[in-house]
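2 protein chains.
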Amino acid sequence: MRAAVLDAALAALLEHGYDGMNVADIARTAGVAETTVYRRWATKADLAAAAIGELAVVENPLPDTGSLRGDLRALLAQIMALLRRPEVERLARAAVALAGDDPRRSEARTAFYRARTAGSATVAVRAIERGELPAGADAEAVIEYLVAPAYLRLLLTGGPLDEVLLDDSVDRTIAAFAR
Amino acid sequence: MRAAVLDAALAALLEHGYDGMNVADIARTAGVAETTVYRRWATKADLAAAAIGELAVVENPLPDTGSLRGDLRALLAQIMALLRRPEVERLARAAVALAGDDPRRSEARTAFYRARTAGSATVAVRAIERGELPAGADAEAVIEYLVAPAYLRLLLTGGPLDEVLLDDSVDRTIAAFAR
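Chains as they are written, first to last, in the numbering used here: chain R, 1 to 179; chain W, 1001 to 1179.
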């Protein structure tokens, strides 16, 4: 039931955007009662956040190559491969378009980023333990700076998500944090 | 005439989004003939790009403080002050929502970023001339890396556009490029 509803919600979000997404239609497509949907997800925003989170969820295990460079490279390569999928790009744009005023909509918006990066700060924590990063390094910020240029290109500038960006982002992040 | 049309186009874009933006209505609001609008801007996408570019245009002169750190700090402070304005945030979301398939729509989308950062790579070029950055440093990439976390927070994660981000982004960009 959960998978059928989230699939239908994702399809609706991609086709109609958040404002045009209709819970009754989603329930019908998934073959369940609308009340069943609302028992599991209290609001449309909750459902949208869950659907976005489902697509962006980590399909690959967190890299553990033994070095910070290897881990950051594997992690960003996974994320860039995801962002290059046209349906993921559409979903990212739909997520960004959710206005910031309503906290529930903001939550649906950030779900896209969180689902893909949750837990990945672990690679920076391991690097601190190995002495590759200084003890006080901000593990969450390492991931934020690693991925930010790729998201900027995807969402705004249209620059390439290519091997050059991958190499440069890893090099620059290590130089920025390994001081 | 130009300012009146662009003001009306910007208001329409903010209120209705790109798809709901109507050139005939914009011409009426600006008090000009629709044909006059189309003589200046051949398509709706051209008009949207011009309107977005107008708002995001550099209101402050490019900083020239004599040091890379001073220039990057002043530049990012200007950009963050702009991005914190609610109407600019709405416009950035509207720009991102423009789908990537149609090149004219992509152009309107990137106008938002370009208008704000055009020419700013000059501060990195000056730093290369002063020997603060190595000769081969990629001046455009310096700006991209400087601003990317701020845009990521604005558009996706909702993280704060605050003094901590300003200081950290400047420090990390210098560390990443001044190797």
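Even glycine gets a Cβ: it sits at the ideal position worked out from N, Cα and C.
Being a predicted model, the structure only gives us computed values, none of them experimental.
Could you tell me which of R:140, R:133, R:41, R:150 sits nearest to residue 118 (chain R), measuring between CA atoms?
R:140
For residue 54 (chain R), which option in R:163, R:10, R:22 has the closest C-alpha, if you only look at C-alpha atoms?
Of R:163, R:10, R:22, the residue nearest in Cα terms is R:10.
Using a Cβ-Cβ cutoff of less than 6 Å, which residues in the same chain neighbour residue 1063 (chain W) once the five nearest sequence positions on both sides are dropped?
1071, 1074, 1075
Check the C-beta distance from residue 45 (chain R) over to residue 107 (chain R) and give it rounded, since I have them as a contact under 8 Å.
Confirmed, about 6 Å.
C-beta neighbour in chain W for residue 152 (chain R), strict 7 Å
yes
What three-state label does DSSP hand residue 106 (chain R) in the structure shown?
Helix at residue 106 (chain R).
Where do the ends of the alpha helix (DSSP H) carrying residue 80 (chain R) lie?
Counting along the chain, residue 80 (chain R) sits inside the alpha helix (DSSP H) bounded by residues 68-83.
Applying the criterion that 16 or more other CB atoms from any shown protein chain within 10 Å of the CB defines a buried residue, is residue 142 (chain R) buried or exposed?
buried
Judging by CA-CA distance, which residue of R:146, R:178, R:28 is the nearest neighbour of residue 80 (chain R)?
Ranking the options by Cα distance to residue 80 (chain R), first place goes to R:146.
On a CA-only basis, which of W:1001, W:1155, W:1124 is nearest residue 1084 (chain W)? Give me that one, please.
Comparing Cα positions, the closest option is W:1155.
Taking Cβ-Cβ distances below 8 Å as the criterion, which residues of the segment 1157-1168 of chain W are in contact with chain R?
1157, 1158, 1159, 1168
Examine chain W for any beta-carbon lying closer than 7 Å to the beta-carbon of residue 113 (chain R), and answer yes or no.
yes
What's the call for residue 28 (chain R), buried or exposed, on a 16-neighbour Cβ count within 10 Å?
exposed
Close-in-space but distant-in-sequence residues of the same chain around residue 1120 (chain W) (CB under 7 Å, 5 per side omitted):
Excluding positions up to five away in sequence, the list reads 1062, 1075, 1143.
Looking at the secondary structure, which residues open and close the alpha helix (DSSP H) in which residue 1020 (chain W) lies?
1002-1020
Quick one: what does DSSP say residue 1122 (chain W) is sitting in, helix, strand or coil?
helix
Can you tell me the Cβ-Cβ gap for residue 1049 (chain W) and residue 1111 (chain W), rounded? I've got them flagged as a contact below 8 Å.
About 4 Å; that satisfies the 8 Å criterion.
Give the residues from the segment 1067-1100 of chain W that approach chain R closer than 9 Å (Cβ to any Cβ), ordered along the chain.
1086, 1089, 1090, 1092, 1093, 1094, 1095, 1096, 1097, 1098, 1099, 1100
Would you mind telling me which residues of chain W sit closer than 7 Å to residue 149 (chain R), beta carbon to beta carbon, in chain order?
1144, 1145, 1148
Here's a check: name, in chain order, each residue in its chain whose Cβ is nearer than 7 Å to the Cβ of residue 182 (chain R), leaving out the five neighbours to either side.
Only positions 1 to 179 of chain R appear in this structure, which leaves residue 182 (chain R) out of reach.
Show which residues of chain W have a CB atom less than 7 Å away from the CB atom of residue 172 (chain R).
Result: 1145, 1176.
Mind listing the chain W neighbours of residue 110 (chain R)? Cutoff is C-beta to C-beta under 8 Å, in chain order.
The contacting residues are 1156, 1157, 1158.
For residue 1113 (chain W) and residue 1088 (chain W), the rounded distance between their alpha carbons:
12 Å
Inter-residue Cα distance where the pair is residue 1018 (chain W) and residue 134 (chain R):
47 Å
Rounding to the nearest angstrom, what Cα-Cα distance links residue 1178 (chain W) and residue 6 (chain R) in this structure?
47 Å
Nearest-angstrom Cα separation, counted from residue 1093 (chain W) out to residue 25 (chain R):
About 27 Å.
In angstroms with no decimal places, state the Cα-to-Cα distance between residue 47 (chain R) and residue 41 (chain R).
5 Å
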